[in-house]
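**Q**
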Amino acid sequence: MPSVTLCIPARIASTRLPRKVLLDLGGKPVVQHVWERAKQVRQADRVVLLTDS
Numbered sequence: 002m003p004s005v006t007l008c009i010p011a012r013i014a015s016t017r018l019p020r021k022v023l024l025d026l027g028g029k030p031v032v033q034h035v036w037e038r039a040k041q042v043r044q045a046d047r048v049v050l051l052t053d054s
């Protein structure tokens, strides 16, 4: 079975809403919600966070 990597783009310098990934949502940054959900994907071998800095 091939290896599966989930890539999460997390740009701090986004143009429409800068630092969006760090905004608080229910007591956690948005990026943490995405990370935790991605880690639940059983078919994924790894999760990678891609940043612009």
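Using the numbering used here, you'd call the opening residue of the sequence shown number 2 and step up by one each time.
Positions of the beta carbon are idealized from the N, C-alpha and C atoms, including for glycine.
Note that the structure is predicted; figures quoted are calculated from it, not measured.
Please report the distance separating the alpha-carbon of VAL31 from that of ASP46.
**A** For the purposes of this step, residue 31 is taken as the residue at position 30 of the sequence shown. For the purposes of this step, residue 46 is taken as the residue at position 45 of the sequence shown. Going by the C-alpha atoms only, they are around 22 Å apart.
**Q** What does DSSP give as the partner residues of ALA11 in its beta bridges?
**A** Along the sequence shown, read from residue 1 onward, the residue named residue 11 stands at position 10. DSSP lists THR52 as partners of ALA11.
**Q** My output table needs one value for LEU81: the three-state DSSP class, helix, strand or coil.
**A** No information on residue 81 is available, as it lies outside the stretch 2 to 54 that the chain covers here.
**Q** Check ARG47 in the structure and name its three-state DSSP category.
**A** If you number the sequence shown from 1, residue 47 lands on position 46. In the structure shown, ARG47 adopts extended strand secondary structure according to DSSP, grouped into three states.
**Q** Can you check which of these residues, CYS8, ALA14, TRP36, is closest to SER54 by C-alpha distance?
**A** Along the sequence shown, one-based indexing puts residue 54 at 53. Nearest of CYS8, ALA14, TRP36 to SER54, Cα basis: ALA14.
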